[in-house]
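Residue numbers (full-length UniProt numbering): 1 to 169.
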């Protein structure tokens with residue numbers, strides 16, 4: 001049985017993941033409005049991944065007998081300065097998510113909740129990938145800056161991203 005404290009932290013993380021999905025969907029909408037459908041696709045896929053993360057945590061909490069309490073999800077921003085601003089905000093957000101997951105792991109370790117610590121290892125690995133990818137995209141969008149040809153190629157690159165559900169989710 002999971003402690004109330006850890007269940008509360010996981011419930012909060014579920015809400016964070018759902019907020020992230022909405023945040024990325026808002027970013028996708030911004031790019032769609034600029035006819036940059038490839039970049040919009042990237043953020044659309046990112047949104048779906050965040051929902052998958054929330055579902056994975058939901059299922060875990062249910063499996064270990066924790067009470068699932070669906071939290072409120074704040075409205076994400078919908079106005080952004082430019083593409084660089086969006087990619088930087090995405091990176092910043094991934095860093096916040098990483099800290100939140102680390103906090104749950106720390107608390108689970110403090111309680112000797114090895115099941116939760118083991119479960120969250122997947123998320124730790126995922127966040128390493130997410131932050132690295134987001135950081136690379138910030139670098140690329142800064143290189144692209146206002147070069148229409150480079151932006152076109154970047155948009156085409158990101159159009160190739162496909163959502164692949166995790167079979168363990």
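For each residue, glycine too, the CB sits at the ideal point set by N, CA and C.
Terminal residues of the alpha helix (DSSP H) in which residue i lies
i: residue 61; result: 37-63
i: residue 150; result: 148-158
i: residue 113; result: From DSSP, residue 113 is part of no alpha helix (DSSP H); its letter is neither H nor E.
i: residue 4; result: 4-33
Own chain residues within Cβ distance below 6 Å of residue i, not counting five before or after
i: residue 30; result: 80
i: residue 51; result: 21
Burial state of residue i (16 or more Cβ within 10 Å)
i: residue 132; result: exposed
i: residue 68; result: exposed
i: residue 149; result: exposed
i: residue 87; result: buried
i: residue 74; result: exposed
i: residue 2; result: buried
Own chain, CB closer than 7 Å to residue i, minus 5 neighbours either side, in chain order
i: residue 142; result: 84
i: residue 140; result: 154
Nearest-angstrom beta carbon gap, residue j and residue i [assumed within contact, 8 Å]
i: residue 37; j: residue 159; result: 7 Å
i: residue 9; j: residue 103; result: 7 Å
Residue i versus residue j - alpha carbon distance
i: residue 43; j: residue 28; result: 5 Å
i: residue 127; j: residue 7; result: 21 Å
i: residue 100; j: residue 146; result: 35 Å
i: residue 175; j: residue 122; result: Examination of residue 175 is not possible in this model, given that the chain is present from 1 through 169 alone.
i: residue 152; j: residue 77; result: 25 Å
i: residue 16; j: residue 66; result: 18 Å
i: residue 135; j: residue 63; result: 34 Å
i: residue 46; j: residue 161; result: 9 Å
i: residue 35; j: residue 53; result: 28 Å
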